[in-house]
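K.L.:
As they're listed, the protein sequences go chains A and B.
Counting from 1, position 457 in the first sequence corresponds to residue 1799 in this note's numbering; the numbering is continuous, with no gaps.
Counting from 1, position 29 in the second sequence corresponds to residue 51 in this note's numbering; the numbering is continuous, with no gaps.
For every residue, glycine included, the Cβ atom is placed at its ideal position computed from N, Cα and C.
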Amino acid sequence: MVIRLAGDSGDGIQLTGTEFTRAVALGGSDIATFPDIPAEIRAPAGSLAGVSGFQLQFSSQEIFTAGDAPDALVAMNPAALRTNLPDLPKGGLLIVDSGTFRKKSLAMAGYEVSPLEDGSLEDYRLVDIDISKNVQATQKGSGLSTKEIQRTRNFYALGVLFWLYGRPPETEVESIERKFGKRPAIAEGNVRSFRAGYHFGETCELFDASYRVPSAQLAPGTYRNITGNEATALGLVVASQLADQHLFYASYPITPASDVLHSLSNHRRYGLTTFQAEDEIAAVTSAIGASFGGSIGVTGTSGPGFALKQEGIGLAVMAELPLVVLNVQRAGPSTGLPTKAEQADLNQALSGRNSESPVVVLAPRTPADCFDMAIEAVRISVRHMCPVVFLSDGSLASGSEAWKLPDPETFEPIEVRYRSDPEGFMPYLRDEETLARPWAIPGTPGLEHRIGGLEKEDRTGNVSYDPLNHEHMVRMRQAKVDRVADYVPAAEVEGDDAGQLLFVGWGGTYGAIHQAVRVLRNQGHRVGHLHLRFLNPFPHGIAEILSRFERVLVPELNRGQLRDLLRARFLVDAHGLNKIQGRPFKVCEVVEAGQARLSGPSAREVSL
Amino acid sequence: MSRGAVGNGAPVLTKKDFESDQAVRWCPGCGDYAILAQLQKVMPELGIPKQNIVFISGIGCSSRFPYYMDTFGFHTIHGRAPALATGLKVSRPELSVWVVTGDGDGLSIGGNHLIHALRRNVDLKILLFNNQTYGLTKGQFSPTSTTGTRTKSSPLGTVDRPFSVLSLALGAGATFVARTIDTEIQHLQGLIREMAEHPGSAFLEIYQNCPVLNDGVWESLKDRHVKADHLLTLEDGQPLVYGKESDRILRLDTKRMRLVPGRRGEQDGLVEVAHDRSAPDPALALMLASLAMPEFPAPIGVLRAVREPTFDSLTRAQEARDREESGPGSLRELLEAGSTWTVS
Ligand code: SF4
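1. Contact defined as beta carbons within less than 8 angstroms: I believe Ala1414/A pairs with Asn1426/A. What is the distance between those atoms, to the nearest angstrom?
2. Using alpha carbons as the reference points, say which of Glu1718/A, Leu1796/A, Gly1631/A lies closest to Ile1783/A.
3. Please determine, among Ser1628/A, Glu1886/A, Glu1662/A, the residue with the shortest C-alpha to C-alpha distance to Ala103/B.
4. Along the alpha helix (DSSP H) that carries Thr1545/A, what are the first and last residues, could you check?
5. Measure how close the beta-carbons of Ala139/B and Thr98/B come, nearest whole angstrom, since I'm counting them as under 8 angstroms.
6. According to DSSP, is Met23/B helix, strand or coil?
7. When you compare each of Leu192/B, Val34/B, Ala305/B, Ser167/B to Thr180/B by their alpha carbons, which one comes out closest?
8. Runs of 4 residues minimum, wholly inside the segment 241-282 of chain B: which ones carry the alpha helix (DSSP H) assignment?
9. How many Å lie between Ala1385/A and Ala1411/A at the Cα?
10. Along chain B, which residues have their Cβ under 7 angstroms away from the Cβ of Ser1637/A?
11. Any idea if Asp145/B is buried or exposed, counting beta-carbon neighbours within 10 angstroms, 16 or more meaning buried?
12. Nearest to Val1859/A by alpha carbon, out of Ala1821/A, Val1929/A, Pro1380/A, Ala1916/A?
13. Tell me, to the nearest whole angstrom, how far the beta carbon of Leu1738/A is from that of Pro1700/A; I am working on the premise that it is less than 8 angstroms.
14. Hey, how far is the Cα of Val121/B from the Cα of Arg142/B?
15. Between the C-alpha atoms of Thr159/B and Ile1887/A, what's the straight-line distance to the nearest angstrom?
16. Should Ala1854/A be labelled buried (16 or more other beta-carbon atoms within 10 Å of its own) or exposed?
17. Any contact of the segment 1829-1848 of chain A with the segment 1664-1676 of chain A, i.e. 3+ C-beta pairs under 8 angstroms?
18. Which of helix, strand or coil does DSSP assign to Arg1759/A?
19. What residues in the segment 1871-1899 of chain A have a beta carbon less than 9 angstroms from any beta carbon of chain D?
20. According to the Cβ coordinates, are Leu1458/A and Val1438/A closer than 9 angstroms?
21. Go through its chain and collect everything with a Cβ distance to Thr381/B's Cβ below 6 angstroms, but skip five positions before and after it.
22. Answer with yes or no whether the minimum CB distance from Lys38/B to chain A is below 9 angstroms.
23. Measure how close the beta-carbons of Thr1786/A and Gln73/B come, nearest whole angstrom, since I'm counting them as under 8 angstroms.
24. What three-state label does DSSP hand Gly1571/A in the structure shown?
25. Which chain A residues sit within Cβ distance under 8 angstroms of Thr362/B?
26. Report all residues from its chain with a CB closer than 6 angstroms to the CB of Ser352/B; omit the five preceding and five following residues, and keep chain order.
27. Where do the N-terminal and C-terminal ends of the beta strand (DSSP E) with Asn1878/A fall, by residue?
28. Would you verify that the beta carbon of Met65/B is, or is not, closer than 9 angstroms to some beta carbon of chain A?
29. Closer than 7 angstroms, Cβ to any Cβ of chain A: which residues of the segment 79-97 of chain B, in chain order?
30. If we count the other Cβ atoms within 10 Å of its Cβ and call it buried at 16 or more, is Cys1728/A buried or exposed?
31. Given that Asp344/B touches chain A, what residues does it touch there, using C-beta distances under 8 angstroms?
32. What are the uninterrupted segments assigned as alpha helix (DSSP H) that are 4 or more residues long and contained completely in the segment 1347-1406 of chain A, given in chain order?
33. Pick out the complete beta strand (DSSP E) segments inside the segment 1765-1820 of chain A, 3 residues or longer, and give them in chain order.
34. For Gln1857/A, which three-state DSSP category applies?
35. For Leu1704/A, which beta-bridge partners are listed by DSSP?
36. Three-state secondary structure (DSSP) at Gly29/B?
Listed below in structure tokens is the structure:
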């Protein structure tokens, strides 16, 4: 079941969506959400630019995406209807607040005649409720102003949804009271409207039947609903606990990464410092300063801020210090589409710095995976003394899924080794296995030494202009990063492990590809799915897997950055499925591309 | 480290302990040598364990500094030293963190970091070597070059107006602001000691001569014969007196609220003011900071020194308080926050 809520950005759509998600999750359904937030916080009310959306898929089956097309659409005003109706399949349930369909708002949405009156919605199961009027009636004598009353419309809609999908209203009443506890009159108003919506559903004969979604067959355990950004923040806190080290998180506010800063700022008691820096460059360099001092230095940003940090990352490459850089990718060059998702910073992460400047690059594949990968990022960074770039994206960051809470007992500690022995100490003398240099932190007697961005002489770390030393060090820094492959799981293919078609993906496209592979296999095709969580270095075993399939298709939300990399590295005839619309893949898009590729010539046939 | 020990068992350090094994690569005659020597001399006297001293720099001639100090050091990237040092100091409050920068590094490419470090009152000791030129890139004008300066990048003369460096620091809210000259060795030493003792951002502008690319810009302040007439050495609680015969004075024109040079003892309605470096209001310090040569003497010494809580200590205290109030927290507590549900 896929539901999309849409309304003006002032209508509280995100809150309504989150509350409803919680309710269905508590009911035992598996969930996945995708918020679609306008970039302008205060776009004119009722305008097309100001439409905010929230899509939720829930099911008794395990699910992997927030769904392709909604089964039900709630449109709180004409603009929301206009922008979202094209996605609603014919026959879908359409709930609108008819009270907002007045001359001015219709005109703002570009309607000459109200779509409620011209028969254009005939193909949908239309339920028009004058929510605006109903909340006014409900709140008579409440003492709230008209404006305050109108702001409870979202709770009315939520009440309707609760009834429609058989959720017990009492939990929500409690939640509203908790949320608005400081403003009892508003809490009361919201509860009244929520109840009114619920009763409307109950008493009104408009709905033929309400939907009961049975509980999902999820593995036993305790679950919570989690977004990628929250999971990232929690992963960092846990990593710092596992390493038993202070974590320093520096960030400059930027959409859609700021939530990581907000979330971590609430967990300071776990021994971490959050620093809202004066700019992106200060954020990365202060994190490097913290790492130099022995803390776990982390900085977080999105694409444009990542570009600003690149010189700093280069310094950490040269100084060979741990550093974790979160890039919650967003769409487009320059300011682009700040609230939309894309995965087009892979090239920037791999080679956006001057000269040969290798870093480890990894990418979580689902919102909950952000937790595991944040821990891995810290682990790799301190073990190998190098920067690690963590490529999340806007859809992972604000999308959510049901997360089975891991057992803290099973976490593997992160080993931190500071050098303390002055005997034989040299700042760039390497560990034979990892090739990492020692982490020698200020405050350690006898280890006084200088590091910096100038080329280093191997072992001593002294400034060196020697040509052969430079080449040696360039290759050494690369070799050190390459060695990380020995410490991460080998590539593993899901679905068929040999056959006609292999999908190779990375990052937040996992759910859509995974689901598409299921569909194609059910249709009788032999299809595999390789999803790369480590992009530099590549895990071992990729060449082997590629060789077992006749065709390779790489779906990406960019122009083909991973595809090009695979072609260059493995000389494989990889084709791309590339979407650059600021939106995630729909499962059907991946399925169709897979079918097209399956009926085309295989790589083997072409090469014959 | 030299051996010997004082009563408390801590090794006695000397200047030699702070000299690294790296050959110093500044041009002969560069003012940086004198500054380096004074730091190496004063450091052992500060009572700070050597391993707790860190020098951080950006890029430029002055930023080579950490390589020559046998302490922990980090030669970072252009302009970013105050930001990097902030991360270090907040993470490790027990360290004594010194930032070495120049007029290009600290005021041009790194201006933003400098003002924010000062605004926050991070406990950093910031030495800004001002030679009014870009030395490492061979002599372009800098943000402190006087208008009309002719360089390779400004053959027709600059039209830029220079920064008033100390006004900038004061405007950013710095709690310790001082100035000296590379050749005023004793004065420089005294200020280094004061900086080390000041809790919070301590900012010192050092007029430094670059004999190779911009020789003599501070000559009137260095020439033995004339310098007394151009240097106003600030003394706390004393009137603003200068001149070879200590016969000149800056007094306040209270109508126009500005300092006016004149002769001591003149009866002309101007008000004599005593320097007060710890005044909560930075008004006098700002007046002193904006005095421009040659009409006015150049003040050296401490313009302002006030006590405010430091950013690093406040930050870490917040964490400690949070831990006290809400408990240290367990991983389970962390993971289970929010609404959870159980599937059996
Ligand atoms: S160029 Fe000037 S500032 Fe730089 S080292 Fe030479 S003399 Fe000193």
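P.N.:
Well, looking at it:
1. Going by Cβ atoms, the distance from Ala1414/A to Asn1426/A rounds to 11 angstroms, so no, they are not a contact pair.
2. Gly1631/A
3. Ser1628/A
4. 1526-1545
5. Not quite, the Cβ-Cβ distance comes to about 14 angstroms (not below 8 angstroms), so this is no contact.
6. At Met23/B, the pLDDT of 40 sits below 50, so the modelled position is not reliable and the matter cannot be decided from this model.
7. Ser167/B
8. 241-244, 249-252
9. 26 angstroms
10. Ser113
11. buried
12. Val1929/A
13. About 25 angstroms separates the two Cβ atoms, so there is no contact after all.
14. 15 angstroms
15. 52 angstroms
16. buried
17. no
18. coil
19. Reference to chain D is not applicable here, since the protein chains of this structure are A and B.
20. yes
21. An answer regarding residue 381/B cannot be provided, because it is not within the stretch 23 to 366 covered by chain B.
22. no
23. 6 angstroms
24. Rather than Gly, the amino acid found at residue 1571/A in this sequence is Asn. Helix.
25. Thr1564, Tyr1565, Arg1566, Leu1747
26. none
27. 1876-1878
28. no
29. Pro88, Tyr89, Asp92, Thr93, Phe94, Gly95, Phe96, His97
30. buried
31. Arg1610, Arg1611
32. 1355-1368
33. 1792-1794
34. helix
35. Phe1732/A, Phe1876/A
36. The predicted model places Gly29/B with a pLDDT of 49, which falls under 50 and marks its position as unreliable; any figure quoted below should be read in that light. Note: Gly29/B maps to coil in three-state DSSP.
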